[in-house]
Amino acid sequence: MPLMCIAVNYGMERLLMRSPKILLTIGCFLAFFAFGFIDNLKGPILPELIRADGLSMSQGGTVFFGSYLGFIAATILTGLLSQRFGNQRVLLLAGVLLNIGLVGASFSKSYSILVLMMGIVGLGLGAIELGANGLIVEQHPKDSGRYLNLLATFHGTGSFLVPLYVAWLIDIGIVWKNILLSVVMLSGALTIWFLLSQSGSLNVAGTIAKLNWRTILRVGFKGKMPLYYLLISFYVAVELGLAAWMMEYLQQLRGKSVSQSSIYLSAFFALIMLGRLAGSFVVEKIGYQKVVGIALLGGSVCLLAGFSGPDGMLIALPLSGLFFSIVFPTVTAIVTGLHQENIGIVLGILFTFGGIGGAVGPWSIGLVSQTFGLSVGMYLTIAFSVVAYTTLAILGQGNDRNRQ
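Numbering-wise, the sequence shown is residues 1055 to 1458 according to the numbering used here.
What follows is the structure, encoded as structure tokens:
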């Protein structure tokens, strides 16, 4: 076994020397696959968690809230870490945190410990968000829009597979805690990949410099940047609100089984994946802000049709994923195009606001559903989308980047 580890380590070092861009890009794709898979475990296991542990909808929403509090903290801290140590080490840290959080949650004995462990999982996910996006921008600065959409496609792939995986395990009698534990294989692979990549002779660390907080605040919040943060926050509230509560909505209000509702959620993520793959080829031609506007409008119409229409219109819920798919990576590309310096910090601020949306979206749906019913709670996703579209309209077309 030691000889095998030495051989793998040597092989990784040689590969990093010969093809660093390819291997680091593959590592980012692996990280985002793990991100999508682990992040969207919560939606499929939520109905089981509520029923098995006797939780209320607001408590179920708080589990998501805890995860995204960790996510927010990570995007703040890892923005500094990436600037100081480089994005490879941030991704290694992400794998370690995910291992700790998943194992801790699977062995948790109380609700408070579960929320805490999910917060640690959120720390790991936030580190992936910033580390992988930052590393992709470093490796592909000239066509970042294309590669960021490809990166997000791997998030969609993991998100698409996880509801089917969870439904299968539930059908054969696996409890939700053991489902969480099984995913350590994926976070472990991520840890090993970036642990071995540290031995490569390629210097990929970020610039080690003293951070000037006045410069960070001036660059990060100048001009229309706060509007981009508001846009990303409300968009993430839409996507993660749907991902968290769609299966519960379909089971409780539309009479769908676990397997049927998992197919709807998987279709949602599959269309996100396909939309991001297609978007990687068209966003540069149409224009970044224009394509985001089309996506938000189309997704909102789909949600309205799915929630208010008959059962035959439920297909519109997963169809919304096709429209929403390109919003996050394309807004990220817009922001990276506006900033050439302190990009790790700027992305950290952007993803922090995304994390705020990810925390508030599912939590607020659970809170409203507890008081007014799940049907009313799900309509919040449409309200979030409308706010995001309004924010984009305020930004206008002046900053649209079409192969600038």
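A virtual CB, placed ideally from N, CA and C, is assigned to each residue, including glycine.
Contact check for L1307 and S1429: beta-carbon distance about 6 angstroms, within the 8 angstroms limit, so the pair qualifies. If you draw a straight line from the Cα of V1175 to the Cα of S1121, it is about 6 angstroms long.
Proximity to G1360 across Y1433, G1408, A1291 peaks at Y1433, based on C-alpha coordinates. Using a Cβ-Cβ distance cut-off of 8 angstroms, the segment 1078 to 1086 and the segment 1362 to 1377 are not in contact, since fewer than three pairs of beta carbons, one from each stretch, lie closer than that value. Taking C-beta separations shorter than 7 angstroms and ignoring five residues to either side along the sequence, the partners of T1406 in its chain run I1126, T1129, I1130, following chain order.
Contact between D1225 and S1313 holds: their C-beta atoms lie close to 7 angstroms from each other, under 8 angstroms.
For the options G1363, P1195, G1242, S1316, the alpha carbon positioned closest to that of L1146 is the one of G1242.
Around the beta carbon of K1096, a 10 Å sphere encloses 16 or more other beta carbons of the protein chains shown; the residue is thus reported as buried. DSSP places D1093 in the helix class (H, G or I) of the three-state scheme. With contacts defined as CB atoms closer than 7 angstroms, A1159 and L1152 fail to qualify as a contacting pair.
Contact between the segment 1329 to 1341 and the segment 1202 to 1210 is established, with three or more Cβ pairs separated by less than 8 angstroms. Contact between the segment 1087 to 1105 and the segment 1339 to 1359 is absent: fewer than 3 CB-CB pairs across the two stretches fall below 8 angstroms. Note on the segment 1349 to 1429: there is no whole beta strand (DSSP E) run with a minimum of 3 residues. The beta carbons of I1399 and Y1342 sit no closer together than 7 angstroms. Cβ contact annotation for G1274 (same chain, cutoff 7 angstroms, sequence separation greater than five): I1399, V1400, I1403, in chain order. Rounded to whole angstroms, the separation of the alpha carbons of G1188 and L1392 is 14 angstroms. V1144 is classed as buried because its beta carbon has at least 16 other beta carbons within 10 Å across all chains shown.
A straight-line Cα-Cα distance of about 11 angstroms links I1228 and Y1219.
Short of 7 angstroms from the beta carbon of I1448, and not among the five residues preceding or following it, lie these beta carbons of its own chain, in chain order: L1281. The C-beta of L1271 has fewer than 16 other C-beta atoms within 10 Å across all chains shown, which makes the residue exposed.
Using a 10 angstroms sphere on the CB of G1431, the tally of other CB atoms reaches 16 or more, which defines it as buried. A check of alpha carbon separations from G1420 across L1179, G1115, L1368 identifies G1115 as the nearest. When the alpha-carbon of Q1142 is set against those of P1383, Q1424, L1244, S1236, the nearest one is in L1244. Relative to G1415, the option among A1221, P1364, V1117 whose CA is nearest is V1117.
Non-local beta-carbon contacts of Y1165 in its own chain, meaning distances under 8 angstroms to residues more than five positions away in sequence, involve D1107, L1109, Q1113 in chain order. CA-to-CA, the gap between I1092 and K1276 works out to about 34 angstroms.
Within the segment 1162 to 1250, the runs of alpha helix (DSSP H) that reach at least 4 residues and sit entirely inside it are, in chain order, 1165 to 1193, 1198 to 1225, 1230 to 1236. Collapsing the DSSP output to three states places S1287 in a helix. Secondary structure at S1110: coil, using DSSP grouped into helix, strand and coil.
One thing to note: T1211 has its Cβ within 7 angstroms of the Cβ of F1087.
For L1285 against T1445, the beta-carbon gap comes to about 4 angstroms, under 8 angstroms, which counts as contact.
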